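Please read the structure below before turning to the comments.
There are 2 protein chains.
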Amino acid sequence: MKKLLLISWLMCGFQTPPTDTPQAKVRAYRQSHEHQLLAEYSQFLAIPNVASDMPNIGRNAAFIMDMMKQRGLANVQLLESGVDNTPPAVFGEVRTPGATRTITFYAHYDGQPVNPAQWAPGIQPFAPVFLNGSLEKGAKITALPASGQPIDPEWRLYARAAADDKAGVFGLLAAYEALTKTGQKPTANLKFFFEGEEEAGSPHLGQLMARHRELLKTDLWIICDGPVHQSGRKQLSFGVRGDVNLHLTVYGARRPLHSGHYGNWAPNPALRLAKLLASLKDDTGRVLVEGFYDDVDPLTELERQALATVPEYDEEIKKELWLAQTDGGGQKLVEMINLPSLNINGMQSANVGDMAANVIPATATAVLDLRLVRGNDQARQVQKVVAHLEKQGYFVTATEPTEAERLAHPLICKVEKKSGYNAQRTKLDLPIAKLVIAAVQATTKDRLILHPTSGGSLPLYLFEQHVPAPTISVPIVNHDNNQHGENENLRLQNLWDGLETLAAVMLIK
Amino acid sequence: MKKLLLISWLMCGFQTPPTDTPQAKVRAYRQSHEHQLLAEYSQFLAIPNVASDMPNIGRNAAFIMDMMKQRGLANVQLLESGVDNTPPAVFGEVRTPGATRTITFYAHYDGQPVNPAQWAPGIQPFAPVFLNGSLEKGAKITALPASGQPIDPEWRLYARAAADDKAGVFGLLAAYEALTKTGQKPTANLKFFFEGEEEAGSPHLGQLMARHRELLKTDLWIICDGPVHQSGRKQLSFGVRGDVNLHLTVYGARRPLHSGHYGNWAPNPALRLAKLLASLKDDTGRVLVEGFYDDVDPLTELERQALATVPEYDEEIKKELWLAQTDGGGQKLVEMINLPSLNINGMQSANVGDMAANVIPATATAVLDLRLVRGNDQARQVQKVVAHLEKQGYFVTATEPTEAERLAHPLICKVEKKSGYNAQRTKLDLPIAKLVIAAVQATTKDRLILHPTSGGSLPLYLFEQHVPAPTISVPIVNHDNNQHGENENLRLQNLWDGLETLAAVMLIK
Numbered sequence: 001m002k003k004l005l006l007i008s009w010l011m012c013g014f015q016t017p018p019t020d021t022p023q024a025k026v027r028a029y030r031q032s033h034e035h036q037l038l039a040e041y042s043q044f045l046a047i048p049n050v051a052s053d054m055p056n057i058g059r060n061a062a063f064i065m066d067m068m069k070q071r072g073l074a075n076v077q078l079l080e081s082g083v084d085n086t087p088p089a090v091f092g093e094v095r096t097p098g099a100t101r102t103i104t105f106y107a108h109y110d111g112q113p114v115n116p117a118q119w120a121p122g123i124q125p126f127a128p129v130f131l132n133g134s135l136e137k138g139a140k141i142t143a144l145p146a147s148g149q150p151i152d153p154e155w156r157l158y159a160r161a162a163a164d165d166k167a168g169v170f171g172l173l174a175a176y177e178a179l180t181k182t183g184q185k186p187t188a189n190l191k192f193f194f195e196g197e198e199e200a201g202s203p204h205l206g207q208l209m210a211r212h213r214e215l216l217k218t219d220l221w222i223i224c225d226g227p228v229h230q231s232g233r234k235q236l237s238f239g240v241r242g243d244v245n246l247h248l249t250v251y252g253a254r255r256p257l258h259s260g261h262y263g264n265w266a267p268n269p270a271l272r273l274a275k276l277l278a279s280l281k282d283d284t285g286r287v288l289v290e291g292f293y294d295d296v297d298p299l300t301e302l303e304r305q306a307l308a309t310v311p312e313y314d315e316e317i318k319k320e321l322w323l324a325q326t327d328g329g330g331q332k333l334v335e336m337i338n339l340p341s342l343n344i345n346g347m348q349s350a351n352v353g354d355m356a357a358n359v360i361p362a363t364a365t366a367v368l369d370l371r372l373v374r375g376n377d378q379a380r381q382v383q384k385v386v387a388h389l390e391k392q393g394y395f396v397t398a399t400e401p402t403e404a405e406r407l408a409h410p411l412i413c414k415v416e417k418k419s420g421y422n423a424q425r426t427k428l429d430l431p432i433a434k435l436v437i438a439a440v441q442a443t444t445k446d447r448l449i450l451h452p453t454s455g456g457s458l459p460l461y462l463f464e465q466h467v468p469a470p471t472i473s474v475p476i477v478n479h480d481n482n483q484h485g486e487n488e489n490l491r492l493q494n495l496w497d498g499l500e501t502l503a504a505v506m507l508i509k
Numbered sequence: 001m002k003k004l005l006l007i008s009w010l011m012c013g014f015q016t017p018p019t020d021t022p023q024a025k026v027r028a029y030r031q032s033h034e035h036q037l038l039a040e041y042s043q044f045l046a047i048p049n050v051a052s053d054m055p056n057i058g059r060n061a062a063f064i065m066d067m068m069k070q071r072g073l074a075n076v077q078l079l080e081s082g083v084d085n086t087p088p089a090v091f092g093e094v095r096t097p098g099a100t101r102t103i104t105f106y107a108h109y110d111g112q113p114v115n116p117a118q119w120a121p122g123i124q125p126f127a128p129v130f131l132n133g134s135l136e137k138g139a140k141i142t143a144l145p146a147s148g149q150p151i152d153p154e155w156r157l158y159a160r161a162a163a164d165d166k167a168g169v170f171g172l173l174a175a176y177e178a179l180t181k182t183g184q185k186p187t188a189n190l191k192f193f194f195e196g197e198e199e200a201g202s203p204h205l206g207q208l209m210a211r212h213r214e215l216l217k218t219d220l221w222i223i224c225d226g227p228v229h230q231s232g233r234k235q236l237s238f239g240v241r242g243d244v245n246l247h248l249t250v251y252g253a254r255r256p257l258h259s260g261h262y263g264n265w266a267p268n269p270a271l272r273l274a275k276l277l278a279s280l281k282d283d284t285g286r287v288l289v290e291g292f293y294d295d296v297d298p299l300t301e302l303e304r305q306a307l308a309t310v311p312e313y314d315e316e317i318k319k320e321l322w323l324a325q326t327d328g329g330g331q332k333l334v335e336m337i338n339l340p341s342l343n344i345n346g347m348q349s350a351n352v353g354d355m356a357a358n359v360i361p362a363t364a365t366a367v368l369d370l371r372l373v374r375g376n377d378q379a380r381q382v383q384k385v386v387a388h389l390e391k392q393g394y395f396v397t398a399t400e401p402t403e404a405e406r407l408a409h410p411l412i413c414k415v416e417k418k419s420g421y422n423a424q425r426t427k428l429d430l431p432i433a434k435l436v437i438a439a440v441q442a443t444t445k446d447r448l449i450l451h452p453t454s455g456g457s458l459p460l461y462l463f464e465q466h467v468p469a470p471t472i473s474v475p476i477v478n479h480d481n482n483q484h485g486e487n488e489n490l491r492l493q494n495l496w497d498g499l500e501t502l503a504a505v506m507l508i509k
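Chains A and B supply the protein sequences, listed in that same order.
When we follow the numbering used here, the leftmost residue of the first sequence carries the number 1, and every step to the right adds one.
When we follow the numbering used here, the leftmost residue of the second sequence carries the number 1, and every step to the right adds one.
What follows is the structure, encoded as structure tokens:
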């Protein structure tokens with residue numbers, strides 16, 4: 001039996017990989033601890049983590065503190081913003097005698113709101129399950145093999161925040177565990193800073209960082225959030241887009257009306273909202289709001305060169321997503337994320353499907369998010385949209401319109417601006433940036449992809465403001481993770497590769 | 001004390017009302033039985049009645065049979081359509097020896113679907129409660145006074161179907177009870193026919209009527225559904241609009257996408273749906289679908305004269321509904337309901353409010369209802385809408401598009417046509433129509449309003465087809481009943497007046 005296995009091994013052409021590199025040691029440790037790691041991660045994912053759910057946010061924070069203490073981190077504590085009833089950040093550190101540099105790792109442990117009804121049968125946001133592949137490709141819920149048996153790395157773990165961004169929190173702590181358990185020691189000081197309300201727009205992060213400025217002081221911020229490239233290749237991002245959300249509500253009659261007795265006569269707010277939303281973008285997706293693309297800082301020569309490292313992959317993504325055509329009139333995805341965007345996150349008026357009734361709805365609502373690039377200012381960008389609404393004849397108000405306002409203005413739009421922030425970007429040619437690039441490149445045979453900016457957003461402008469240091473994003477999760485949507489998931493191989501990536505960054509000298 | 005009351009009575013100028021008219025007898029009976037009547041009606045309303053909920057539909061039907069038997073109706077039975085698992089109609093009759101005429105009363109006991117989350121705090125669709133007035137005017141949930149104490153007729157009963165249309169079922173049976181308990185006997189045969197799936201579009205009513213054609217044979221159909229005029233005046237309608245529902249779904253990527261990583265590039269189905277809906281109507285609400293207003297039969301001279309009996313009330317309704325402007329470029333409500341309409345009943349894409357997430361939704365859905373007038377054909381009207389969608393560049397399909405279709409067509413709209421039916425109208429100058437007009441006019445000092453058609457819909461074309469006889473609608477409920485929406489309610493005075501109206505029709509000679 002043993003002989004047969006050996007022969008198969010040789011026949012397949014495998015060579016014994018080197019076992020003495022830092023990467024090999026992390027891999028070996030992980031391979032012999034997969035069941036324990038996934039059991040612990042599943043426990044973590046089972047704790048609901050919407051930022052507004054304070055009791056569960058507290059349970060998440062306590063769980064993270066336990067994980068930190070078990071791994072021997074020092075100075076483990078909650079960092080409060082000083083505003084009552086807001087999610088704390090969780091902090092822990094590794095003090096290295098004689099260190100000349102401090103690297104601080106950021107991730108967030110809260111997740112996007114969930115609508116369990118939209119998740120697939122048997123898959124619920126806070127009841128982690130394993131599938132033997134991707135749900136979209138027909139994979140099924142499957143129990144893990146018995147402890148000691150190998151786990152197929154193409155399997156996936158389904159739960160809210162499995163990818164975004166408990167994978168960052170857990171991946172960092174597991175990477176550090178793998179380093180120390182295999183006798184490897186960082187030469188820098190390491191700090192871990194895990195936020196609890198990123199998905200709510202980080203409304204108190206500025207206050208929190210200002211309050212704990214000394215504790216957080218660092219030479220480099222490593223941001224562990226977001227996916228690797230759609231091709232599966234590792235990538236680094238040197239910036240993030242800014243983001244701001246607007247909730248729009250338009251009004252019909254003060255109560256829903258019978259569509260027979262009032263149809264044709266009472267205005268329909270769903271139609272009004274449709275017309276308003278339709279006026280925002282043309283058929284190619286270009287935003288029609290006046291001046292929307294002004295203010296954009298041009299890319300530097302180095303950033304343009306970095307963009308050229310991004311593989312041509314749009315056709316594959318279109319096929320994967322069942323898209324016959326994309327917005328932007330043929331421009332590439334990587335070009336488009338270097339522009340400000342306007343997206344409809346959701347819209348609703350009365351009910352559809354089985355709950356639909358023959359009514360003229362009373363209101364209609366849409367949620368927009370505006371992504372911002374370097375040069376945009378969030379308040380200015382919002383003001384452009386408000387000016388556009390007014391140009392469509394709308395009376396715009398920030399609060400619920402009164403009876404008198406309703407009777408005075410045929411067209412009313414309530415615009416609620418949620419907390420937002422601007423874009424941020426780190427220069428690619430900083431010496432420390434080069435060190436990170438080299439460390440991560442050493443963990444992969446493929447050419448590392450360098451993004452001047454990620455399409456996603458993080459409140460890195462606050463880092464710049466309160467604890468200034470270069471910020472570099474080191475993402476680890478699979479691109480098709482359904483982050484923010486239903487059926488969020490993490491491909492196990494991405495977690496395993498991620499441990500090696502993050503451990504390499506922790507060993508920077 | 002008694003003397004004081006008597007003096008107040010005289011000082012207020014009241015005269016003792018006549019006590020010997022049929023109307024006075026019905027009123028006196030009702031006044032001494034209000035508590036019993038409302039207790040029984042509340043029990044009836046507590047049974048959920050969405051047509052797809054077969055177990056509860058069965059409980060409603062059994063409850064109605066009991067009410068019929070208690071009132072001495074003959075031949076009480078369920079009428080089945082012959083299609084398994086479809087709501088039965090409930091039938092009962094009063095055979096009058098020597099009668100030369102049969103009058104059949106129609107109402108429906110099912111109600112529109114409900115979304116309990118949209119109802120006001122403390123008010124749930126199937127837990128009837130009394131409010132001391134209208135919710136919109138600040139009324140509160142209030143317990144009824146003790147038995148024997150008078151009940152303010154401005155109070156309202158809140159529950160799904162309180163107005164539409166258990167009020168028809170219960171009002172008819174209570175009116176008959178009041179007649180017989182005060183010794184009054186109809187000279188005609190009376191039949192009661194209560195449908196159980198009107199709000200689902202009466203998909204089996206034709207089969208059901210065809211099957212029980214002999215039992216249902218009649219000289220006159222009286223339809224008890226819909227509200228009295230907004231002014232509070234009694235009205236009769238001689239026709240109904242037809243109705244057909246369309247569910248539209250448009251598509252983006254096959255899964256929801258992170259709005260940062262894919263925004264600007266992946267098409268947004270909410271935007272596409274908004275553009276499609278916006279293309280259907282102009283800013284005044286006029287439908288832009290080609291030929292939409294063709295096929296409309298003009299009103300007869302008599303019908304135009306009848307329309308002139310409708311009071312000018314639009315300004316009052318606008319004020320009540322907080323509407324600064326109405327659709328139709330200034331045309332009156334009563335004119336507008338004599339035209340075909342296209343209404344958005346509901347629309348949804350991903351989530352709004354607290355459940356909103358930063359995603360590009362995967363699909364967007366809208367439900368339309370098309371009201372039809374005499375001359376329109378439902379299939380032809382739907383085809384016009386489909387042609388309009390195609391003209392906007394959409395590939396229209398009746399079924400879920402496949403991967404191949406999604407990859408082949410940039411714009412896809414799934415159109416699901418739900419069951420529908422055409423409009424129906426009875427001539428105003430038929431002798432029996434004149435009898436009904438005279439009977440109802442005798443119960444009110446105000447001039448009776450005569451509508452050639454109601455704005456609402458009922459499948460009366462099926463009556464014409466299977467059990468032909470003139471159909472006249474005799475509505476009783478308040479206009480501001482929120483029928484089809486949340487917080488549906490019945491004003492008690494409307495029920496009380498309704499008993500007198502319906503009893504008068506039962507006594508037609």
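Idealized CB from N, CA, C, for every residue including glycine.
Predicted model only: the values in this text are computed from it and were never measured.
message = So if DSSP puts Y251 of chain B in a beta bridge, which residue, or which two residues, is it bridged to?
response = B:T363
message = According to DSSP, P186 of chain A sits in a beta bridge with which residue or residues?
response = Answer is none; P186 of chain A lacks a bridge partner.
ask   = With 16 other CB atoms within 10 Å as the buried threshold, where does L257 of chain A fall?
value = buried
ask   = Short check: CB of N268 of chain B to CB of I317 of chain A, under 9 angstroms?
value = no
inquiry  = Taking 9 angstroms as the threshold (C-beta atoms), are T96 of chain B and P186 of chain B in contact?
reply    = yes
ask   = Can you tell which of A:N189, A:G263 and A:V169 has the C-alpha that lies nearest to the C-alpha of T218 of chain A?
value = A:N189
key: Selected residue, minimal CA-CA separation from A324 of chain B, among A:I337, A:A408, A:R371 and A:T402   = A:A408
request  = Could you pull out every residue in the same chain whose Cβ sits closer than 7 angstroms to the Cβ of N351 of chain B, ignoring the five residues on either side in sequence?
outcome  = A357
query = Roughly how many angstroms lie between the CA atoms of L302 of chain A and Q381 of chain A, to the nearest whole one?
reply = 27 angstroms
query = Which partner residues of A74 of chain A appear in the DSSP bridge assignment?
reply = A:E93
ask   = Under three-state DSSP, which class holds L257 of chain B?
value = strand
Whole beta strand (DSSP E) elements within the region 110-135 of chain A, 3-residue minimum = 129-131
ask   = Taking the Cβ atom as the reference point for each residue, do T309 of chain A and G353 of chain B lie within a distance shorter than 9 angstroms?
value = no
task = Measure the C-alpha to C-alpha separation of M490 of chain B and G285 of chain A and round it to an integer number of angstroms.
result = Rather than Met, the amino acid found at residue 490 of chain B in this sequence is Leu. Answer to the nearest angstrom: the Cα atoms are 48 angstroms apart.
request  = Take every Cβ of the region 479-499 of chain B, pair it with every Cβ of the region 123-141 of chain B, and state whether three or more of those distances are shorter than 8 angstroms.
outcome  = yes
query = Whose C-alpha, out of B:Q348, B:M347, B:A438 and B:G239, is nearest the C-alpha of V373 of chain B?
reply = B:G239
task = Check distances from the C-beta atoms of the region 302-317 of chain B to those of chain A and list, in chain order, the residues that come in under 9 angstroms.
result = D314 and I317
inquiry  = Please confirm whether P136 of chain B has its beta-carbon closer than 9 angstroms to some beta-carbon of chain A.
reply    = Looking at the sequence itself, residue 136 of chain B is Glu, so the reference to Pro does not match. Yes, because at least one Cβ of chain A sits closer than 9 angstroms to the Cβ of E136 of chain B.
query = Do R233 of chain A and R447 of chain A have their C-beta atoms closer together than 9 angstroms?
reply = yes
key: Rounded straight-line distance, which links the Cα of I47 of chain A to that of Q32 of chain B   = In the sequence as presented, Gln is not what sits at residue 32 of chain B; that position holds Ser. Distance between the alpha carbons of S32 of chain B and I47 of chain A: 60 angstroms.
query = Counting only beta-carbon atoms, is S259 of chain B nearer than 9 angstroms to chain A?
reply = yes
ask   = Would you call the CB atoms of V359 of chain B and G171 of chain A closer than 9 angstroms?
value = no
Neighbour flag for P410 of chain A against chain B, beta carbons, 9 angstroms = yes
query = What is the C-beta distance between L236 of chain B and L450 of chain B, in whole angstroms, given that I count them as a contact (C-beta under 8 angstroms)?
reply = 6 angstroms
query = Do you know offhand how far K2 of chain A's Cα is from W155 of chain A's?
reply = Low confidence applies to K2 of chain A: its pLDDT is 44, below 50, so where it sits in the model is not reliable, and the reading given next is rough at best. Going by the C-alpha atoms only, they are around 28 angstroms apart.
ask   = Does T365 of chain B come within less than 9 angstroms of chain A when only Cβ atoms are used?
value = yes
inquiry  = For E320 of chain B, report the span of its beta strand (DSSP E) as first-last.
reply    = Not the beta strand (DSSP E): E320 of chain B falls in the alpha helix (DSSP H), residues D314 to L321.
ask   = Is D369 of chain A helix, strand or coil when you go by DSSP?
value = strand
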